[in-house]
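Mind the numbering: the sequence shown is residues -20 to -1, 1 to 50 in mature numbering (1 follows the signal peptide of the UniProt record, and there is no 0), read in order.
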Amino acid sequence: MKRTLALAALLGALATPALTGTATAAACPDTCVCTKEYAPVVGSDGKVYSNACQARCAGAEPVGPAALRD
């Protein structure tokens, strides 16, 4: 009986952050999902990203296509 009560208390304590949305950032997966399409763009921060989605995920707006070198 005591083991069952202790186990229930432990499971309740572990489930509380998941139910309240207070899980740590390390436990949360990255919410930005992009394809691996290669269509390079220059972001508003001056960096080159593999596609517009990757630029937006990094917090930059795509401003135009990136010039490719031969």
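The beta-carbon is built from N, C-alpha and C at its ideal position, and this holds for glycine as well.
Check	Outcome
C-alpha distance - residue 52 paired with K16, whole-angstrom precision	No answer is possible for residue 52: the residues shown for the chain start at -20 and end at 50.
Cutoff 6 Å; reference Y29; Cβ partners in own chain excluding five residues on either side	V21, G23, A35
Beta-bridge pairing of G44 - partner residues as DSSP gives them	V22
For C33, the first and last residue of its enclosing alpha helix (DSSP H)	32 to 37
Short Cβ contact (8 Å threshold) for N31 with C12	no
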